[in-house]
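2 protein chains.
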Amino acid sequence: MLNFFEEIRDDLTYIELELKKTVAEFSSVINVAAEHLFNAGGKRLRPAFSLFSGRFGRYEVEKVAPLAVSLELIHMATLVHDDIVDGASVRRGRSTVQALWGNQTAIRTGDSLFAKAIEKVSGYDDPLVSRQLAKTCMNVCTGEFAQAKACFNPRQTLRGYFGRIRSKTAVLIAAACELGAVVCGAPRLVSRSLGQYGLAVGMAFQVVDDVLDIIADERVLGKATGGDIREGIATLPVLYVLDRGEKRRRLQEIICAREKDEGQIGEAIAIVKQEGGVSYSLEVAGRFAGRARSALRVLPDIPPRRHLDAIAEFVVARKF
Amino acid sequence: MLNFFEEIRDDLTYIELELKKTVAEFSSVINVAAEHLFNAGGKRLRPAFSLFSGRFGRYEVEKVAPLAVSLELIHMATLVHDDIVDGASVRRGRSTVQALWGNQTAIRTGDSLFAKAIEKVSGYDDPLVSRQLAKTCMNVCTGEFAQAKACFNPRQTLRGYFGRIRSKTAVLIAAACELGAVVCGAPRLVSRSLGQYGLAVGMAFQVVDDVLDIIADERVLGKATGGDIREGIATLPVLYVLDRGEKRRRLQEIICAREKDEGQIGEAIAIVKQEGGVSYSLEVAGRFAGRARSALRVLPDIPPRRHLDAIAEFVVARKF
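Residue numbers (this note's numbering), protein chains in the order written: chain A, 12 to 331; chain B, 12 to 331.
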């Protein structure tokens with residue numbers, strides 16, 4: 012993905028500094044925890060989408076910055092609260108906030124990041140920005156919760172899965188794309204199309220993420236493979252096999268078991284791969300990516316359009 | 012307090028219905044948890060302040076409603092996250108969300124209430140409303156955290172205490188007063204003065220709350236007396252005695268002990284009462300109330316001004 016990022020490298024560096032400054036505004040323990048999250052890095056995907064989208068309007072990095080920072084803070088806030096809910100001690104190869112400083116700090120850190128994100132974005136004069144972002148946050152919260160409810164529950168539909176990843180991932184990327192254009196004063200038709208692009212690319216991204224959780228190299232992933240299976244979360248590759256695979260009963264047994272050993276997780280991964288769960292899911296991701304690329308067609312043919320097009324292609328092909 | 016509320020009874024009922032509708036918008040478990048919080052009731056103090064303040068502008072209850080609902084949702088969100096941090100199983104005589112449905116639901120419920128609050132308030136065209144409320148939320152988050160850090164720590168200053176209760180309680184009441192006027196288009200001088208009133212009355216309110224935690228009748232309070240002492244939280248009455256009381260060493264010993272029995276808590280309460288902690292704190296609360304009443308003087312002399320004046324007086328005299 013770094014190739015496309017090259018195009019916006021200086022502006023991403025600017026955003027990174029703004030994010031660092033924002034994190035420094037927190038006091039005491041929240042600041043330490045927030046810096047820990049900040050230093051863990053990440054792809055800064057949401058800011059990058061906003062920067063590309065902004066170029067469809069009267070682009071200035073300073074106009075996009077509060078939005079980009081806000082999106083990344085919301086993303087960090089959801090990660091830190093997710094890690095409490097999952098009882099996760101490691102993320103991206105680093106200890107989680109609640110593993111290091113306990114639940115209390117993790118709850119307060121998530122709350123503070125969220126509040127700070129809303130504060131950042133409230134500086135825009137167009138009320139649409141706050142309004143859209145607030146709706147997005149509501150959506151993200153309900154999505155995370157839907158995922159939690161679906162754990163260890165085999166009676167799930169594809170529809171339920173798509174609804175969950177939409178709320179959990181795609182709506183925030185859609186907001187990044189749409190609002191990046193809005194804050195730079197792009198016409199409504201342009202920002203809406205970018206929102207549609209973001210939603211579809213976000214869906215593709217999450218489906219691939221769920222595939223990588225099953226097939227990726229652990230060293231590249233920064234966490235153990237099969238994490239979702241371990242936690243009883245049935246993602247698309249698993250749901251596909253649960254619906255029609257020959258060994259669906261055995262797979263269901265493993266997914267729904269509260270306690271499972273590494274051998275069972277390895278067995279489940281093998282079943283999912285053998286019975287076509289991975290290839291089916293990559294096909295679905297490819298379809299979402301295609302939908303994303305179609306949404307770009309109504310946009311003016313300027314360089315950022317080609318970059319966004321290439322990102323949609325890359326999202327499906329990536330190995331990390 | 013019910014006498015003043017009589018004046019705005021119909022409008023409070025309207026807000027209550029709006030709040031009920033908003034809570035119904037949540038899905039599944041969040042909805043159940045949010046209804047549990049809603050049904051627990053509460054004084055609806057923040058909405059009431061907004062309704063009174065709105066009357067200094069071109070008042071319509073529909074204009075104030077999204078703000079009032081939002082303030083109450085933020086208040087509920089902080090309560091549910093506080094209860095996780097405190098490990099509290101009972102609040103206002105009812106089981107807490109995390110006692111009934113666990114940490115995960117409590118975290119998600121708080122997040123969702125918060126997101127919904129921001130969504131509600133983002134509907135106003137004046138960006139000042141979102142902006143001010145976002146700042147208030149940041150303040151509330153840091154205040155709760157400061158309190159948590161101060162637990163079991165005897166080296167606290169009065170300044171630290173006032174800073175904490177300012178963030179934890181007063182800023183949200185100040186926002187209720189100020190923004191109630193803003194959303195009804197009152198002049199800036201008027202809304203600012205109402206904000207000053209709210210800040211001072213909020214300080215008085217929290218000081219009295221901390222006094223009641225020590226002296227109130229448990230049946231009226233809905234929870235055990237001496238809760239703060241039990242949790243190692245040194246509030247104003249305790250800090251006063253820790254600073255100058257004859258038995259300050261013994262009091263400090265009890266406050267800082269991680270484990271304490273009912274006898275020790277009773278002993279601490281007796282020390283605080285005997286050594287003037289309660290009367291000093293009520294005097295301080297009286298001074299804040301006086302400051303609140305002064306802030307009203309620049310406002311037009313219409314009936315809501317007299318009600319707000321009476322509320323400031325009542326806050327200090329109340330027994331619950």
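Positions of the beta carbon are idealized from the N, C-alpha and C atoms, including for glycine.
These numbers come from a predicted model, not from an experiment.
In the structure shown, what three-state DSSP assignment does A/Arg102 receive? A/Arg102 falls in the strand class under three-state DSSP.
Cα separation between B/Glu46 and A/Met214? Distance between the alpha carbons of B/Glu46 and A/Met214 is about 32 Å.
Please tell me whether B/Lys127 has its Cβ less than 7 Å away from any Cβ of chain D. Looking at the structure shown, chain D is missing, and the protein chains on hand are A and B.
Buried/exposed call for B/Val309, threshold 16 Cβ in 10 Å: Under the 10 Å beta carbon count, B/Val309 is surrounded by fewer than 16 other beta carbons and is classified as exposed.
Alpha carbon to alpha carbon, how far is A/Ser305 from B/Leu205? Taking the straight line joining both Cα atoms gives about 53 Å.
Taking DSSP as the reference, what is the three-state secondary structure of B/Cys148? Residue state, collapsed to three classes: helix.
Taking only beta-carbon atoms, is B/Gly36 less than 7 Å away from chain A? The sequence as given places Glu at residue 36 of chain B; Gly does not occur at that position. It does not: the Cβ of B/Glu36 has no partner Cβ on chain A nearer than 7 Å.
I need the boundaries of the alpha helix (DSSP H) containing B/Phe216, first residue and last residue. Note, B/Phe216: alpha helix (DSSP H), Arg199 to Ile226.
In the DSSP assignment, find the alpha helix (DSSP H) that holds B/Ile240 and state where it starts and stops. That run of the alpha helix (DSSP H) goes Gly238 to Arg241.
Can you tell me which of B/Glu270, B/Leu262 and B/Ser292 puts its alpha carbon nearest to the alpha carbon of B/Pro248? The shortest C-alpha to C-alpha distance from B/Pro248 to any of B/Glu270, B/Leu262 and B/Ser292 is the one to B/Ser292.
Just to confirm, is the Cβ distance from A/Ala281 to A/Ile265 under 7 Å? In this structure, A/Ile265 does not lie closer than 7 Å to A/Ala281 by Cβ.
Within a Cβ cutoff of 6 Å, which residues of the same chain sit near A/Arg298, ignoring the five residues on either side of it in sequence? Same-chain partners within the cutoff: there are none.
In angstroms, rounded to a whole number, what distance separates the CA positions of B/Glu257 and B/Val91? Separation of B/Glu257 and B/Val91 (C-alpha to C-alpha, rounded to the nearest whole angstrom) is 38 Å.
Taking Cβ positions only, does A/Pro77 come closer than 7 Å to chain B? Not closer than 7 Å to any Cβ of chain B, the Cβ of A/Pro77 fails to qualify, so no.
Can you pull the chain A neighbours of B/Gly288, defined as C-beta to C-beta under 9 Å? Going along chain A, no residue has its Cβ under 9 Å from B/Gly288, so there is no contact; the nearest lies around 28 Å.
So, at 6 Å on beta carbons, what are the nonlocal neighbours of A/Gly121 in its own chain, with the 5 sequence-adjacent residues on each side left out? The residues Ala88, Val91 and His92, in chain order, have a CB closer than 6 Å to that of A/Gly121 in the same chain once the five nearest residues on each side in sequence are set aside.
At least 3 beta-carbon pairs within less than 8 Å: the segment 191-211 of chain B vs the segment 64-84 of chain B: Yes, since at least three Cβ pairs between the segment 191-211 of chain B and the segment 64-84 of chain B fall closer than 8 Å, the two stretches touch.
Name the two residues that bound the continuous alpha helix (DSSP H) containing B/Ile266. Where B/Ile266 is concerned, the enclosing alpha helix (DSSP H) stretches over Arg259 to Cys267.
Just to make sure I have the definition right: I need the residues of chain B whose C-beta is within less than 7 Å of the C-beta of A/Val80. Which are they? For A/Val80, none of the residues of chain B pass the 7 Å Cβ criterion, the least Cβ distance being about 13 Å.
Compile a chain-ordered list of the residues in the segment 47-62 of chain A whose CB is closer than 8 Å to at least one CB of chain B. The residues in question: there are none.
If we ignore side chains and look at the alpha-carbon of each, how far apart do B/Asn42 and B/Lys284 end up? Cα to Cα, B/Asn42 sits roughly 43 Å from B/Lys284.
Taking 7 Å as the cut-off, decide whether the C-beta atoms of B/Ile95 and B/Asn114 are in contact. In contact: B/Ile95 and B/Asn114 (Cβ atoms closer than 7 Å).
Does DSSP classify A/Gly53 as helix, strand or coil? Of the three classes helix, strand and coil, the one that applies to A/Gly53 here is coil, per DSSP.
Within 7 Å, strictly: CB atoms of B/Val140 and B/Val132: Yes, these two residues count as a Cβ contact at 7 Å.
Starting from the C-beta of B/Gln217, find all residues in its chain whose C-beta is less than 6 Å away, skip the five residues before and the five after it, and write them out in chain order. The residues are Ile176 and Thr180.
Exposed or buried, B/Arg119, counting other C-beta atoms within 10 Å across all chains shown (16 or more means buried)? Classification for B/Arg119: buried.
If you measure between the beta carbons of B/Ile322 and B/Phe49, is that distance less than 7 Å? Cβ atoms of B/Ile322 and B/Phe49: not closer than 7 Å.
Terminal residues of the continuous alpha helix (DSSP H) containing A/Glu189? DSSP places A/Glu189 inside the alpha helix (DSSP H), whose first and last residues are Val182 to Val194.
Among the candidates B/Glu18, B/Gln207, B/Glu270 and B/Gly277, whose CA atom is the shortest distance from the CA of B/Ala59? Of the candidates B/Glu18, B/Gln207, B/Glu270 and B/Gly277, the one whose C-alpha sits nearest the C-alpha of B/Ala59 is B/Glu18.
Applying a beta-carbon distance threshold of less than 7 Å, which residues of chain B neighbour A/Pro92? The residue you asked about is not Pro; residue 92 of chain A is His in the sequence shown. What A/His92 touches in chain B: Ile118 and Asp122.
Please check if any C-beta of chain A sits within less than 7 Å of the C-beta of B/Ala227. So no, B/Ala227 is outside the interface.
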